[in-house]
Structures are given as structure tokens and as C-alpha cells.
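Before any comments, here is the structure.
2 protein chains.
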Amino acid sequence: MQKEVLIVEDEPAIREMVGVALKSDGFLLREAADASEAQTIIRDHTPDLILLDWMLPGTSGLQLAKELRDDEPTRHVPIIMLTARSEEHSRVRGLEAGVDDYVTKPFSVRELRLRIKAVLRRAQPESEGTRIELGGLVIDEASHRVFATGREVLLGPMEYRTLHFFMTHAERVYTRRQLMDRIWGQDAYLEERTVDVHIRRLRKALLPYRCDGLVQTVRGTGYRFSTM
Amino acid sequence: MQKEVLIVEDEPAIREMVGVALKSDGFLLREAADASEAQTIIRDHTPDLILLDWMLPGTSGLQLAKELRDDEPTRHVPIIMLTARSEEHSRVRGLEAGVDDYVTKPFSVRELRLRIKAVLRRAQPESEGTRIELGGLVIDEASHRVFATGREVLLGPMEYRTLHFFMTHAERVYTRRQLMDRIWGQDAYLEERTVDVHIRRLRKALLPYRCDGLVQTVRGTGYRFSTM
DNA sequence: TTAGATGTGTCAATTTGATGTCATGGCAGC
DNA sequence: GCTGCCATGACATCAAATTGACACATCTAA
Chain R
873 MQKEVLIVED
883 EPAIREMVGV
893 ALKSDGFLLR
903 EAADASEAQT
913 IIRDHTPDLI
923 LLDWMLPGTS
933 GLQLAKELRD
943 DEPTRHVPII
953 MLTARSEEHS
963 RVRGLEAGVD
973 DYVTKPFSVR
983 ELRLRIKAVL
993 RRAQPESEGT
1003 RIELGGLVID
1013 EASHRVFATG
1023 REVLLGPMEY
1033 RTLHFFMTHA
1043 ERVYTRRQLM
1053 DRIWGQDAYL
1063 EERTVDVHIR
1073 RLRKALLPYR
1083 CDGLVQTVRG
1093 TGYRFSTM
Chain D
873 MQKEVLIVED
883 EPAIREMVGV
893 ALKSDGFLLR
903 EAADASEAQT
913 IIRDHTPDLI
923 LLDWMLPGTS
933 GLQLAKELRD
943 DEPTRHVPII
953 MLTARSEEHS
963 RVRGLEAGVD
973 DYVTKPFSVR
983 ELRLRIKAVL
993 RRAQPESEGT
1003 RIELGGLVID
1013 EASHRVFATG
1023 REVLLGPMEY
1033 RTLHFFMTHA
1043 ERVYTRRQLM
1053 DRIWGQDAYL
1063 EERTVDVHIR
1073 RLRKALLPYR
1083 CDGLVQTVRG
1093 TGYRFSTM
């Protein structure tokens, strides 16, 4: 899922530079030149991360950070402060306001990227792996493995993804196009026949466990995973 | 039961800031400005956790950490190092000395809290048994050594740390990034390929004992420690 | 102090395995 | 039968993981 980053910075040059870098990393970037613009944007779209300039015309970055921390919807949104070197001494005040990290200007795009990723990762709780059981097959998400009658089924990455999708969307037909979108992703474009080949590979992997029949062909339409 | 935290830090401003936060979380905080003060306090009250500044007047934080690891009463007390960014390169030396986690200054109070809770949670079961056995390997935490079929497995510090993490988190896939976060620490920036190299070194060390197969590659995802 | 040993992170070369596409042949339904 | 749709095997290509080599830093022992 695409992460939304809001940058609050009065210098267009810096917004531009950051913008190019983040978009190429797959982030959706929103821009604000001052605190009130930022508030307006936040009201509509709560971002996943805020890059906040310390020096802003009008309300200061520090002040804005404090307000964001007091507001329920933005309380847990991580903030990275952009500060000039001369402002280093005032960092402690930022920490008190609950800022998550600092980047000192001038900063390299590379450094900013790393910090953004680190902060976002930190904010994410460790996901619990679930167990999916259906038609004699068991997917253990935590270990990323599949079992049939106690034995491990050896699958390639794409086979795993395909089976995972089917087992979480059983008893329903999907066209090749739909499978492409859901398994490969929206932007990937493939030949329709390629889906057939992957179905074939999945069936082949399931064959030794007599589970290949679970993946069924619906002639003229597509494929279906069914225990019936 | 109220947990006792000792902070060893020469800057009063930071002690103050941390103090306010921890007290509101229900911790009992003791403060020391240098290593000798710390030793005095520890003699009277063994704390449940130590926050240790890397740069201290007199005995350095790293030196103190090593001494604490060698002393029986404090051997199992978790240590979180407080380091400045410029000291990042010395992270590995700290890990080698048995430091549990790092927090890089400037840090947010929120982050420190999370780290403290994570470390305390992790330390809980460790205080009971210092032996970890899995897949024919035995880790003796007290002596910081590993055995396979009675013979000692010779590991470098990073190999030990990697194996320790795997054996306490078996049967689960981790991406290279997750491994970096959990083995090197959240703020360590490494090339992803570096993880591969360490995996290889660990496997090489385990090879003479036929245990290299326990560290498994999950193509397109990461690595997994598994006895199956 | 110096010299050698050890440990670590990065890179490039190589190997290994997965993936997408095509061509062919089979099968179902009309 | 014919026609369209699907299954299958082969193959070229691409991506991912392994591996060896190296630079640099630190530790150890003279």
C-alpha cells in the first residue's frame, strides 16, 4: 500500500528535491508551505509521516509539532524535523514535543530516505503470522511455508503467492486479468497465457499430495480454487 | 512490581527529560553522572535495566558495559546504550560487549519508552534459563558459547548474535531488513547484501557440525531458521 | 610502539533458480 | 468433423542468492 508523506517546508527548492526522491520510492507526497496549509491538508488526509521544517513563517515547526501531538488523529503520526545546523541546540525541545527523528540541513537525499524508512518501520508493529487451512492444505504465514498431510509442499515464490491468494479467496472464479491484478499487482502487464503456465506449475507442485484438483479450470472464464 | 532503571549520563538535561517520562510510566529511576557513581548505586540496588551513555567522563560507557557483563550480579541486567550519531561506527563493539539495544541521540521519549519495554520483555524469560537448545545446537548464554554434539562451535560476535536471534525466533521468515533491525539495531544502515554475507559466514561456521541446513533461504523473501 | 591476527561491511563475479513467452498438441463442446 | 480454448514442455531471459576478495578498523602479542 502506498504511504503518504506530508512535507511542511517554505522553500520550494527543498520541497522539489525531496519530492523527486520520495516519488521514485513509491511514496505519495503532499506539500505545504506553512502551518496553516499543513493543517488543511491533514484535515483531509491523515498522512503516514510528516517532514517538518523547524523554521516556518508564522507558526513555527516546533509549535505545529506540539499541536499535532495533542490532536487525536495525528497523535501517532511520526514526525521528522528538518533543522539547520545552527538550530541543533534546540533539539531537546523537539524531543520533548515527541519528534521521532531529526535531519540536519543540508542533508543528502540518501540520508533522508533511510531515516524515513527507519521511522516508518519502527512505527509498524510486528505482524502476527496466521494459519490458513483449506482442502487439506495448510499455509503457515509466519514461516512462509505450505503443508499437506504433514509434509512440506515445496513452492516457488510465485506459486506461493498464487496459492495464498486462492486459499484466501476460495470458491470463486477469477479471470486471468483479475488474477494478474491481484497476484502480480495492478501495474504489471503480462500475457494472459502466462497465468495458465503458473496455474500449471502450481498444480504440478500440488500433484504429489493429490491436491492439484483444488485448482479448477472454468472454461471460457478463468480459474477457481474449490474444495468441492 | 515496580521496575528499577538506572541512567548513567553526564548531561543533567537528558537525565531530567528521561526521568520525567519514565516516572510517569511507573519506573523507579536512579541517576548517576559517571561510571564510579553508577558502580556505587549498583552495589546497593541491582537495577532491572541500565541506560548507559557512550561518552562518559572517566571510564567510558563501553568499558563500564564490559565490566557489568563480567560481574555476576549484573551479568543479566539488560543495557541500552545512548549514543550520538557520530559514534555510530562503534555500534558493533557495543554489540560485542553484550549491549542489548541502542538509542541514538537525539532520541524521542516515545522511542526510548518502546525500546525499554521491548528489552524488558525480552529479558524476562532469559533470566530463568540461560540455555537454548534447538536442532542439535545449544547456546549457553552465561558463557556466551555455542555447542553442537558436545563440541564447541567457534563463532565471531556477529555470528553468535545472528544465531542467537534465529534460535529464539525459529520457524519464521525474516526479511533482510527485519534481520538488520533486530540483530544490528534499528538505526544501523547496512547494505542488504551484507546480511547475505553474514548468513554465509554463519553457515560456514555450522557446516562442520552438519547444522548449516538449519539456516534456510526463502527465495524472494529472506531467511528462516528451521529444524524441519 | 609495531606486526600480525581477527572481525566487519561492501563490492563484483558467478552461480543458481525463477519467470515470461512461445510453439505445439490435446480436449471439450458445438 | 471443426473451432476455440486450455495444457504442456522447452527455452531464453532475468533476478536473486552465493561466494570470494578486498579495505578498513580493532584487538593481541611481542
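Each protein sequence line maps, in turn, to chains R and D. Adding 872 to a residue's 1-based position in the first sequence gives its number in the numbering used here. Adding 872 to a residue's 1-based position in the second sequence gives its number in the numbering used here. Ideal placement from N, C-alpha and C gives every residue a C-beta, glycine not left out. Remember, it's a predicted structure, so these values are computed and weren't measured experimentally.
Query                                                                                                                                                    : Result
Run through chain R and tell me which residues come within less than 7 Å of residue 1061(D), C-beta to C-beta.                                           : 986
In or out: residue 977(D) buried (at least 16 other Cβ within 10 Å) or exposed?                                                                          : buried
For residue 966(D), count the other beta carbons within 10 Å of its own beta carbon; 16 or more makes it buried, fewer makes it exposed. Which is it?    : buried
Please list, in chain order, the chain D residues whose beta carbon lies closer than 9 Å to that of residue 1016(R).                                     : 1044, 1045, 1090, 1093, 1094 and 1096
Which whole runs of the beta strand (DSSP E) in the stretch 912-982 of chain D are 3 residues long or more, in chain order?                              : 921-925, 951-956 and 973-977
Tell me whether residue 1034(D) is buried or exposed, calling it buried when 16 or more other Cβ atoms sit within 10 Å of its Cβ.                        : buried
How long is the line joining the alpha carbons of residue 943(D) and residue 920(D), rounded to whole angstroms?                                         : 15 Å
Does the beta carbon of residue 1029(R) sit closer than 8 Å to a beta carbon anywhere in chain D?                                                        : yes
What are the boundary residues of the alpha helix (DSSP H) that residue 1064(R) is part of?                                                              : 1064-1078
Cα-Cα, which of 916(R), 877(R) and 927(R) is closest to residue 1104(R)?                                                                                 : With chain R running from 873 to 1100 in the structure shown, residue 1104(R) is simply not present.
May I ask you to report which of helix, strand or coil DSSP gives residue 891(R)?                                                                        : helix
Got a sec? Which residues, its chain only, sit under 7 Å from residue 1017(R) by beta carbon, not counting five neighbours each side?                    : 1024
So what does DSSP say about residue 899(D), is it helix, strand or coil?                                                                                 : coil
Whose CA, out of 1013(D), 1029(D) and 916(D), lies closest to the CA of residue 947(D)?                                                                  : 1013(D)
Anyone know if the C-beta pair for residue 1058(D) and residue 990(R) falls short of 8 Å?                                                                : yes
Any contact of the stretch 1044-1058 of chain D with the stretch 1083-1097 of chain D, i.e. 3+ C-beta pairs under 8 Å?                                   : yes
Ordered along the chain, which non-local residues of its own chain (more than five positions away) have a Cβ less than 6 Å from that of residue 1064(D)? : 1048
So which residues of chain D does residue 974(R) contact, with C-beta pairs closer than 8 Å?                                                             : 978
Under 8 Å Cβ-Cβ, which residues of chain D neighbour residue 1072(R)?                                                                                    : Within chain D, no residue comes near residue 1072(R); the closest Cβ sits about 20 Å away, beyond 8 Å.
Quick one: list the residues of chain D neighbouring residue 994(R), beta-carbon separation under 9 Å, in chain order.                                   : 983, 986, 1053 and 1058
Span of the beta strand (DSSP E) holding residue 1024(D)?                                                                                                : 1023-1025
Give me whichever residues DSSP pairs with residue 1089(D) in a beta bridge.                                                                             : 1095(D)
Going along chain R, which residues have a C-beta under 9 Å from residue 1100(D)?                                                                        : 1015, 1017 and 1024
Look at residue 881(R) and residue 900(R) and say whether their C-beta atoms are less than 8 Å apart.                                                    : no
Below 8 Å between beta carbons: does that hold for residue 954(R) and residue 1061(D)?                                                                   : no
Look up residue 1009(D) in the DSSP assignment and give the residues it is bridged to.                                                                   : 1006(D) and 1020(D)
Ignore the nearest five residues each way along the sequence and tell me which others in residue 893(R)'s own chain have a CB closer than 6 Å to its CB. : 981
Rounded C-beta distance between residue 1073(D) and residue 1031(D)? I'm assuming under 8 Å.                                                             : 6 Å
May I have the straight-line CA-CA distance separating residue 1078(D) from residue 1011(D), to the nearest angstrom?                                    : 13 Å
On the three-state DSSP scale, how would you describe residue 904(D)?                                                                                    : strand
Taking 8 Å as the threshold (C-beta atoms), are residue 1039(D) and residue 992(D) in contact?                                                           : no
Of the choices 1056(R), 1068(R), 1083(R) and 878(R), whose alpha-carbon is the least far from that of residue 1091(R)?                                   : 1068(R)
Identify the continuous alpha helix (DSSP H) that holds residue 1046(R) and give its terminal residues.                                                  : Element bounds for residue 1046(R): not the alpha helix (DSSP H) but the beta strand (DSSP E), 1045-1047.
Answer with yes or no whether the minimum CB distance from residue 990(R) to chain D is below 8 Å.                                                       : yes
Could you tell me how far apart the beta carbons of residue 956(D) and residue 936(D) are, in whole angstroms, since I believe they sit closer than 8 Å? : At roughly 17 Å, the Cβ-Cβ gap does not stay under 8 Å, so residue 956(D) and residue 936(D) are not in contact.
With DSSP as the reference, please indicate the residues paired to residue 878(R) in a beta bridge.                                                      : 902(R) and 922(R)
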